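Quick note on numbering: the sequence shown equals residues 10 to 115 in the working numbering.
Think of the CB as a built atom: it goes at the ideal place given N, C-alpha and C, for glycine as much as any other residue.
These numbers were taken from a predicted model, which means no experiment stands behind them.
Following: one structure in structure tokens, then a few remarks.
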Amino acid sequence: MRPNSSQLTTISFPSFFTECIIENGVDYRGTVAKTARGRTCQEWSSQRPHSHDYFTPTTHPRAGLEKNYCRNPDGDVNGPWCYTTDPRKAWEYCDIPKCRNYSFKD
10 MRPNSSQLTT ISFPSFFTEC IIENGVDYRG TVAKTARGRT CQEWSSQRPH
60 SHDYFTPTTH PRAGLEKNYC RNPDGDVNGP WCYTTDPRKA WEYCDIPKCR
110 NYSFKD
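Structure, rendered in structure tokens:
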């Protein structure tokens, strides 16, 4: 028997999963949009001020390249990064803390 809509439960993940990174942060889906040096991130779909062909929502649809949020689409060992809106600096790493004591045990 399939549950009807009144029997379904919505699962909300705690902010713990979006405010820190596990390992290199390849799965990070939080909303940090500034680099470690305080520069604003450029939107992944934008080509200004920095033109880029490879890391876009079209080329990497499963990488979470939404808005201008820090991401790690290439699995960089140093963690999430973004293109910046500073014409003098193409990209920088973001400062997102590592998750502590994470566990998926029941």
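>> Buried or exposed for residue 14, going by 16 or more other Cβ atoms inside 10 Å?
In response: Reliability fails at residue 14, whose pLDDT of 45 lies under 50, so the model's placement of it is uncertain and the value that follows must be treated cautiously. Exposed.
> Quick one, are the C-beta atoms of residue 64 and residue 92 less than 9 angstroms apart?
Replying inline: yes
> What is the residue span of the beta strand (DSSP E) that residue 92 lies within?
Replying inline: 90-92
> Does the distance from the CB of residue 50 to the CB of residue 108 come in under 9 angstroms?
Replying inline: no
> Alpha carbon to alpha carbon, how far is residue 68 from residue 45?
Replying inline: 26 angstroms
> Rounded to the nearest angstrom, how far is the Cβ of residue 38 from that of residue 73, given a contact under 8 angstroms?
Replying inline: 5 angstroms
> Using a Cβ-Cβ cut-off of 6 angstroms (strictly less than) and excluding sequence neighbours within five positions of residue 86, which residues of its own chain qualify?
Replying inline: 33
> DSSP three-state call for residue 68: helix, strand or coil?
Replying inline: coil
>> On the DSSP letters alone, give me the boundaries of the beta strand (DSSP E) that residue 102 sits inside.
In response: 100-102
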